[in-house]
Amino acid sequence: MGNDEMRVEMWVANCTCCQHTSPLDYFPTCPSRSHPFHCCQCVPSCPFCLQNKLAFGYCVLSCSFCPHPSTAPDGPTPETTKPVTEISNPGSETSETNKPGSETSETTKPGDKTTETSKPGDETPKTTKPGGGTPETTKPSRGGPGEPHRSTEDTIQFPISTNPSWSNPKLYGWGFQHCLVNVGSSLVVSSIMVNIGRGGNVEKAKAVQASLFAMGINTMLQIWIGTRLSVSMESSQAYTIPIISIALSTFSNYSDSLDSHQRYEEFMRRVQGASLISSIFQMVIGFSGLGKYFARHLSPLASVPLVTLTGLGLYVRGFPLVAKSIEIGLPALAILVFLTQFLPRIWKAKKEMVGQVAIVLSVSIVWIYAEILTAAGAYDNTTQQTQTYSRTDSSGLIDAAPWIKIPLPFQWGTPIFEAGDALSMMAASLVAVIESSGTFLASSKLSGAPPIPPSALTRGIGTQGIGTMIDAVFGTGNGSTASVEDAGLLGLTQVGSRRVVIVSAIFLVFLSMLGKVGAFFASIPLPIVGALHTLLFPYVASTGLEYLEYCNVNSFRSKLILGFSLFMGLSVPQYFKEYVFLTGHGPVHTGSTWFNDVIQVIFSSPPTVALIVAFFLDRTHTPRARSTWKDSGRHLKEQSDESEKTREIYDLITSLGDMCS
1 MGNDEMRVEM
11 WVANCTCCQH
21 TSPLDYFPTC
31 PSRSHPFHCC
41 QCVPSCPFCL
51 QNKLAFGYCV
61 LSCSFCPHPS
71 TAPDGPTPET
81 TKPVTEISNP
91 GSETSETNKP
101 GSETSETTKP
111 GDKTTETSKP
121 GDETPKTTKP
131 GGGTPETTKP
141 SRGGPGEPHR
151 STEDTIQFPI
161 STNPSWSNPK
171 LYGWGFQHCL
181 VNVGSSLVVS
191 SIMVNIGRGG
201 NVEKAKAVQA
211 SLFAMGINTM
221 LQIWIGTRLS
231 VSMESSQAYT
241 IPIISIALST
251 FSNYSDSLDS
261 HQRYEEFMRR
271 VQGASLISSI
281 FQMVIGFSGL
291 GKYFARHLSP
301 LASVPLVTLT
311 GLGLYVRGFP
321 LVAKSIEIGL
331 PALAILVFLT
341 QFLPRIWKAK
351 KEMVGQVAIV
361 LSVSIVWIYA
371 EILTAAGAYD
381 NTTQQTQTYS
391 RTDSSGLIDA
401 APWIKIPLPF
411 QWGTPIFEAG
421 DALSMMAASL
431 VAVIESSGTF
441 LASSKLSGAP
451 PIPPSALTRG
461 IGTQGIGTMI
471 DAVFGTGNGS
481 TASVEDAGLL
491 GLTQVGSRRV
501 VIVSAIFLVF
511 LSMLGKVGAF
521 FASIPLPIVG
531 ALHTLLFPYV
541 ASTGLEYLEY
551 CNVNSFRSKL
561 ILGFSLFMGL
571 SVPQYFKEYV
581 FLTGHGPVHT
591 GSTWFNDVIQ
601 VIFSSPPTVA
611 LIVAFFLDRT
621 HTPRARSTWK
631 DSGRHLKEQS
641 DESEKTREIY
651 DLITSLGDMC
661 S
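Numbered by full-length UniProt numbering, the letters in the sequence shown go through residues 1 to 661 in order.
Shown next, in the form of structure tokens:
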């Protein structure tokens with residue numbers, strides 16, 4: 001007896017709109033197509049493969065044509081109706097199915113007495129067990145053959161719509177973990193910027209403090225008036241190329257007339273001016289409606305390479321950073337994986353507690369280990385680069401930072417505005433917007449929220465522009481972007497509550513004011529930060545693949561768009577980076593520095609290149625055909641944008657009480 005035949009006997013349902021009952025192998029047209037489908041008589045054919053093998057919203061008969069679920073009750077109606085015939089299995093006496101319109105359907109198995117399905121009007125079908133017994137309601141179990149697996153929202157402890165109590169100590173443990181991850185990221189980006197400007201420890205301490213303060217404020221703004229997702233904001237690395245150009249120009253113009261500190265201040269004033277212009281550009285994109293066109297036409301198919309490469313594209317901040325000091329980075333990575341993935345399964349009684357402190361405990365253990373190596377003189381005779389990445393006292397931040405200092409606006413002086421600097425920064429801000437969009441899409445999945453609607457995404461872009469302006473005013477030296485590692489932490493802890501991220505933002509603001517305390521946490525050896533990135537970035541990358549559930553991956557059009565965009569998203573940036581490494585300039589080397597920077601910035605970003613390719617192909621490769629419309633998952637996207645839950649999660653707050661929830 002085949003597997004399909006066995007399932008046909010088991011799956012019997014009673015339709016609540018057409019009052020028909022029959023095995024699910026047959027799909028006559030329901031006389032009342034306007035009703036929601038509940039059983040075999042009301043189920044539309046699969047919108048992807050047009051095979052009539054769907055029931056309860058998903059394939060139950062091992063459809064060999066496609067693996068996709070169907071949630072659209074308005075799918076194509078089968079042109080023909082299969083006749084109801086008799087199914088008999090070896091060894092069974094009879095297997096009788098009533099024709100459409102009959103009240104009951106009976107199937108007899110070997111050794112079974114009877115199997116009865118309730119008549120029309122009953123709320124649930126009842127089944128009599130072999131040998132008698134109490135009638136039971138037969139429900140499909142999750143995870144079986146042809147059935148859907150649990151969704152992300154079913155597996156997380158606190159979805160975005162729920163909040164831990166303020167009296168719950170776990171809330172502050174989870175919040176501090178988010179804070180610690182963001183502090184490490186702030187150290188990486190600020191160190192790059194200060195090194196480019198040839199600043200010292202004092203300049204680095206000021207940059208880190210300003211960065212922590214701006215990150216906390218921007219995070220709260222994003223939750224209150226932006227996307228309203230559980231995502232932190234941080235300094236973006238997309239601005240590195242324009243910053244390098246500004247630094248080279250500043251040093252060549254003031255090499256002799258100014259000392260090192262004055263040159264650094266001049267450099268930061270130019271960066272501030274360019275960042276202010278780029279922030280206005282981001283706000284125009286978000287609040288003018290330009291971003292809404294992009295968001296409305298961004299299909300789930302084009303979202304896959306965007307979100308995937310938002311995580312994978314940051315691989316240089318992962319293991320390459322770990323390998324800068326392998327004796328610190330590798331143990332950090334091993335301990336992180338053990339404490340977050342294996343210890344909760346071994347110590348099940350304390351599973352929640354382990355998840356609450358895993359990041360903090362891992363960082364603390366390896367940090368103490370690095371301190372012991374430093375005190376023992378393990379790095380006394382090593383190279384300067386090894387000491388920079390390995391010694392716990394190499395950053396000099398603690399000595400340079402004051403005990404208490406509130407970051408002040410324009411701490412480097414009055415901003416300087418130059419057209420070339422502004423145009424380069426505007427290109428970087430566009431890249432930051434695209435990368436943030438990928439992080440927002442991932443965060444909506446990892447926090448248990450419905451897909452983000454265009455209105456919320458554009459609000460997030462506009463609020464990101466406000467954040468970039470705050471960064472410029474307080475002199476961080478960078479623009480704002482959504483934190484990829486923080487989005488990955490949502491997946492690691494399985495806690496998507498907004499309140500947790502708000503607590504982390506409050507921690508960041510306090511650390512920015514307590515100078516030496518903030519500098520202490522910001523002096524984490526960079527290989528430990530690299531270990532965190534190596535574990536957290538893959539959560540975002542794999543979340544991008546979840547959007548394939550809305551698409552038809554059996555379509556060769558989909559295969560082309562996915563494969564080509566992912567390949568180009570990795571290949572093109574690698575070419576641009578190698579070209580700069582070999583020649584000292586990008587492939588586009590004209591007499592206009594700002595134009596060279598614009599091209600270099602855009603095509604050095606993996607998610608940006610992947611999105612350009614995927615979006616272009618998705619909109620031009622037979623975009624109006626109904627089949628390609630469904631292949632890209634647009635029909636499901638439109639339905640989710642209008643749902644009540646979407647409005648509940650993403651609508652703006654209406655009272656002050658909502659600001660903390």
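For glycine and all other residues, C-beta sits at the position ideal for the given N, C-alpha and C.
Burial state of residue i (16 or more Cβ within 10 Å)
i: E578; result: exposed
i: I502; result: buried
i: S64; result: For S64, the predicted model reports a pLDDT of 41, less than 50, meaning its position is unreliable; a value from the coordinates is still stated below. Looking at its Cβ environment, which holds fewer than 16 other Cβ atoms inside 10 Å, S64 is exposed.
i: N478; result: buried
i: S592; result: exposed
i: S345; result: It is Arg, not Ser, that sits at residue 345 in the sequence shown. So R345 ends up on the exposed side.
i: H178; result: buried
i: F267; result: buried
i: A376; result: exposed
i: E648; result: exposed
i: F576; result: buried
i: P606; result: buried
i: P320; result: exposed
i: P525; result: buried
i: F338; result: exposed
i: K348; result: exposed
i: R634; result: buried
i: R269; result: buried
i: N218; result: buried
i: T374; result: buried
i: D651; result: exposed
i: K170; result: buried
i: T308; result: buried
Contact belief for residue i with residue j at Cβ below 8 angstroms, rounded distance in angstroms
i: D471; j: C551; result: So it is not a contact: roughly 36 angstroms between Cβ atoms.
i: Q282; j: I461; result: 6 angstroms
i: L306; j: S437; result: 7 angstroms
i: A422; j: I241; result: Contact doesn't hold; Cβ gap of about 14 angstroms is too wide.
i: Y547; j: G491; result: Y547 to G491, Cβ: 15 angstroms. No contact.
i: F410; j: G475; result: 7 angstroms
i: T333; j: V316; result: The question names Thr, but residue 333 in the sequence shown is Leu. Not really, about 16 angstroms apart at Cβ, beyond 8 angstroms.
i: A427; j: V271; result: Not a contact, Cβ separation roughly 15 angstroms.
i: V529; j: P573; result: Incorrect: roughly 22 angstroms between the Cβ atoms, too far for contact.
i: L446; j: E485; result: Rounded, the Cβ-Cβ distance is 12 angstroms, inconsistent with contact.
i: M425; j: A274; result: 4 angstroms
i: A531; j: L336; result: 6 angstroms
i: G544; j: V284; result: Contact doesn't hold; Cβ gap of about 28 angstroms is too wide.
Beta-bridge pairing of residue i - partner residues as DSSP gives them
i: S235; result: S480
i: P404; result: The question names Pro, but residue 404 in the sequence shown is Ile. For I404, which the question treats as bridged, DSSP gives the partners L514.
i: F158; result: V495
Own chain residues within Cβ distance below 6 angstroms of residue i, not counting five before or after
i: A400; result: N201, V202 and A205
i: F615; result: A302
i: H297; result: none
i: K324; result: Y389 and P527
i: G216; result: A505, L508 and V509
i: L312; result: A541
Proximal residues to residue i (C-beta, below 8 angstroms), its chain only, five neighbours per side dropped
i: Y369; result: I328 and P331
i: A432; result: S236, A238, Y239, Q282, Q464, T468, G479, S480 and T481
i: T155; result: Q494
i: G173; result: Q356, V357 and V360
i: G518; result: V183, V208, Q209, L212, A401, L511 and S512
i: W367; result: T392, I524, P525 and I528
Contacts around residue i, its chain only, beta-carbon distance under 7 angstroms, and the 5 residues preceding and following it disregarded
i: F520; result: I398
i: F440; result: T227, L229, V231, I452, L457, G460 and A482
i: W594; result: G420, L423 and S424
i: K645; result: P450
i: L489; result: Q177, H178, V181 and L536
i: S245; result: S424, T593 and D597
Hey, is the segment 491-500 in contact with the segment 220-234, meaning 3+ C-beta pairs nearer than 8 angstroms? Contact between the segment 491-500 and the segment 220-234 is established, with three or more Cβ pairs separated by less than 8 angstroms.
Would you say the segment 506-519 touches the segment 207-223, given that touching needs at least three Cβ pairs under 8 angstroms? With the cut-off at 8 angstroms, the segment 506-519 and the segment 207-223 touch.
Does the contact criterion of 3 or more C-beta pairs under 8 angstroms hold for the segment 400-410 versus the segment 563-581? No: the two stretches stay apart, fewer than three of their Cβ pairs being nearer than 8 angstroms.
So, does the segment 183-194 touch the segment 434-454, judging by three or more C-beta pairs under 8 angstroms? Cβ pair count under 8 angstroms is below three, so no.
Give a yes or no on contact between the segment 525-535 and the segment 375-393, applying the rule of three or more CB pairs nearer than 8 angstroms. Between the segment 525-535 and the segment 375-393 there are three or more C-beta pairs closer than 8 angstroms, enough to call the two in contact.
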